[in-house]
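Asks:
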Amino acid sequence: MSYVTKVPTGSDLLAEIDRLRKERNAVILAHYYQTPDIQDIADFVGDSLELSRKAAATDADVIAFCGVKFMADTAKILSPRKTVILPDMDAGCSLEDSCPPEKFRAFREAHPDHIALTYINCSTEVKALSDVIVTSSSAETILAQIPPEQKIIFGPDRHLGGYLSRKFNREMLLWPGVCIVHEAFSETELLKLKEKHPGAPVAAHPECPPTIIDHADYVGSTSGILQYAQEFEGDTLIVATEPHIIHQMEKALPNKNFIGAPGADGNCSCNICPYMALNTMEKLYVALRDLEPRIEIEEGLRLRAKRSLDRMLDMASGTVGMGDLGKVHFSGD
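This is the structure in structure tokens:
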């Protein structure tokens with residue numbers, strides 16, 4: 000006789016997740032865009048690559064990644080011997096969806112004299128077709144090291160690529176993808192909010208369109224925005240990224256006021272990532288209980304994807320002399 004085990008609720012759910020974490024020797028990771036309850040139960044909260052690197056450095060047997068699939072894939076690329084689970088396998092990313100591997104391959108083959116700087120928000124297959132992966136934290140450091148005569152493809156986020164292109168006065172071929180969360184911010188509503196809070200600075204993620212970036216006092220990654228929140232003068236900050244990051248700000252700085260930048264309807268609800276929202280405490284419990292859904296990556300593909308990640312880590316840490324990539328040829332593999 001088959002049956003479905005009931006999922007506990009309330010304090011029992013918290014206790015069972017903690018029990019399974021210990022029983023499975025698991026580390027729970029939560030991206031800043033996850034709901035506060037998931038952030039609060041996680042062992043580490045942070046940016047996607049930062050989380051994967053922290054998990055790789057632990058002796059955990061299981062990585063429970065509360066984020067989206069490309070993040071869990073990255074954890075598996077860096078920790079192939081660990082079991083990596085994702086609470087909801089449908090937790091995807093509009094940037095990843097915008098860049099199908101077969102189309103990216105064709106684009107690369109049409110521009111053989113270009114290297115591909117590719118934002119980490121992409122599939123494992125696209126990472127394997129790329130020369131250097133970048134994050135919003137490392138992109139400027141890496142781009143500054145690439146010789147000015149080297150032609151560049153940047154994808155899949157055209158807003159991040161456009162921001163870098165303007166800042167460095169560097170022409171790049173931009174893949175036309177966008178993040179649906181950051182695309183939803185409204186310049187008109189942001190200006191109204193600034194009128195209500197005169198003098199309040201705006202911190203924006205570089206995935207935002209130029210109409211938002213142009214009004215920002217600080218532009219940076221999620222971790223960069225959190226650092227800015229610690230340092231800015233005044234008591235109110237307008238935040239133009241996924242609003243769940245504000246939970247960490249309020250925990251660290253309870254005496255300051257943090258306001259999510261509005262969408263076209265005048266509130267920030269349309270800027271909540273629908274993919275991140277698919278993960279719940281209940282799904283995390285089931286994933287730890289069943290060790291499913293599980294991330295699996297074919298070893299050859301994993302190694303090809305890891306190559307572009309390793310090059311990023313080398314360049315971002317300054318270990319590549321003058322950032323010279325040498326002769327980088329697209330092999331089509």
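In terms of numbering that gives the first Met the number 0, the sequence shown opens at residue 0 and continues consecutively.
Note that beta-carbon positions come from the ideal geometry of N, C-alpha and C, so glycine has one too.
Report all residues from its chain with a CB closer than 7 Å to the CB of R288; omit the five preceding and five following residues, and keep chain order.
Replies: L19
Asks: When the cut-off is 9 Å and only beta carbons count, does S164 lie next to chain B?
Replies: Checking the listed chains, one finds no chain B in this structure; it contains a single protein chain.
Asks: Is N270 helix, strand or coil when you go by DSSP?
Replies: helix
Asks: Would the region 300 to 314 and the region 104 to 123 be scored as touching if the rule is three or more Cβ pairs under 8 Å?
Replies: yes
Asks: Taking the beta carbon of S316 as the centre, do at least 16 other beta carbons fall within 10 Å, making it buried, or is it exposed?
Replies: exposed
Asks: By the DSSP assignment, the alpha helix (DSSP H) with V133 in it spans what residues?
Replies: Per DSSP, V133 belongs to no alpha helix (DSSP H); it is in the beta strand (DSSP E), 131 to 133.
Asks: Got a sec? Which residues, its chain only, sit under 7 Å from E15 by beta carbon, not counting five neighbours each side?
Replies: P7, Y284
Asks: Could you check what DSSP says for R293 in three-state terms: helix, strand or coil?
Replies: Strand.
Asks: Does DSSP put L28 in a helix, a strand or coil?
Replies: strand
Asks: Identify, in the order they occur along the chain, each residue of the same chain with its Cβ nearer than 7 Å to the Cβ of D309, setting aside the five sequence neighbours on each side.
Replies: Nothing listed; no residue qualifies.
Asks: What are the boundary residues of the beta strand (DSSP E) that K75 is part of?
Replies: From DSSP, K75 is part of no beta strand (DSSP E) but of the alpha helix (DSSP H) over 68 to 77.
Asks: Decide if A56 is buried, meaning its Cβ has at least 16 other Cβ atoms within 10 Å, or exposed.
Replies: exposed
Asks: For the region 131 to 211, which segments carrying the alpha helix (DSSP H) assignment without a break, of at least 4 residues, lie completely within its bounds, in sequence order?
Replies: If we require 4 residues or more, the alpha helix (DSSP H) runs fully inside the region 131 to 211 come out as 138 to 142, 157 to 167, 179 to 182, 186 to 195.
Asks: Once DSSP output is grouped into helix, strand and coil, what is the label at G219?
Replies: coil
Asks: Identify whether T34 lies in helix, strand or coil by the three-state DSSP scheme.
Replies: coil
Asks: Cutting at 6 Å between CB atoms, please list the residues of its own chain near L172, excluding the five before and the five after it.
Replies: Same-chain partners within the cutoff: I152.
Asks: What residue range does the beta strand (DSSP E) around A239 cover?
Replies: According to the DSSP assignment, A239 belongs to the beta strand (DSSP E) that extends over 235 to 239.
Asks: In three-state terms, what does DSSP make of T82?
Replies: Under the three-state reduction of DSSP, T82 is assigned to strand.
Asks: Of the choices I40, D58, I62, D39, whose alpha-carbon is the least far from that of L50?
Replies: I62
Asks: Three-state secondary structure (DSSP) at V44?
Replies: strand
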